[in-house]
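Structure, as structure tokens:
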Amino acid sequence: MGYRSNVAYTIRFVDDHDTNNEHSFYTFLLEAKANPKLQIALAEVEINHSEHMFRFTATDVKWYESFPDVDSHMALVELAEEWAEQVSQQKLHCKIGCAFLRIGEEAKDIEERFSGDYAPDWMSVSREICTDWT
0 MGYRSNVAYT IRFVDDHDTN NEHSFYTFLL EAKANPKLQI ALAEVEINHS
50 EHMFRFTATD VKWYESFPDV DSHMALVELA EEWAEQVSQQ KLHCKIGCAF
100 LRIGEEAKDI EERFSGDYAP DWMSVSREIC TDWT
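Position 26 of the sequence shown, counting from 1, maps to 25 under numbering that gives the first Met the number 0, and the rest follow consecutively.
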């Protein structure tokens, strides 16, 4: 059985008016592809080339840090966070945003990581009461 989580993250290059936006997106992608640790994540993440973004969603999964796929996905998120940090230190000239959410089975088990130029409406957590009657 095991403990289950729902996970989602997105990495986006967000400055549509910057001519370097597309170049930055592909530079990031090439750096990710060159890292053997990220291969699992790159095989599972949706890459939208026209919108310069990465998206990943998984529901009802065992999200244990010791699992190779989880380690790969978190390494990709960490790469985006490193890029965002370099942008804030003005070592890179692009706008990158990253948002990561994980909710576990327990009501208070919520992990949130946001970095860079992200928009709060990209993702949010909502818990609902569902019933079997109308």
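Don't be surprised by glycine CBs; every beta carbon is placed ideally from N, CA and C. Since this is a predicted model, take the numbers as computed values, not measurements.
| Item | Value |
| --- | --- |
| Sequence-distant residues of the same chain with beta carbon closer than 7 Å to A7, five excluded per side | F55, T56, L100 and M122 |
| Proximal residues to I46 (C-beta, below 6 Å), its chain only, five neighbours per side dropped | F53 |
| Cα-Cα separation between E110 and I102, rounded to whole angstroms | 6 Å |
| Identified DSSP bridge partners for G96 | R11 and G115 |
| Spatial distance of Q128 from E105 (CA atoms) | Looking at the sequence shown, residue 128 is not Gln but Ile. Those two C-alpha atoms are separated by around 14 Å. |
| Identity of the residue in H48, D15, G96 and D70 nearest D120 by Cα | G96 |
| Outcome for G115 when other beta-carbon atoms lying within 10 angstroms are tallied against a minimum of 16 | buried |
| C93 versus V76 - alpha carbon distance | 17 Å |
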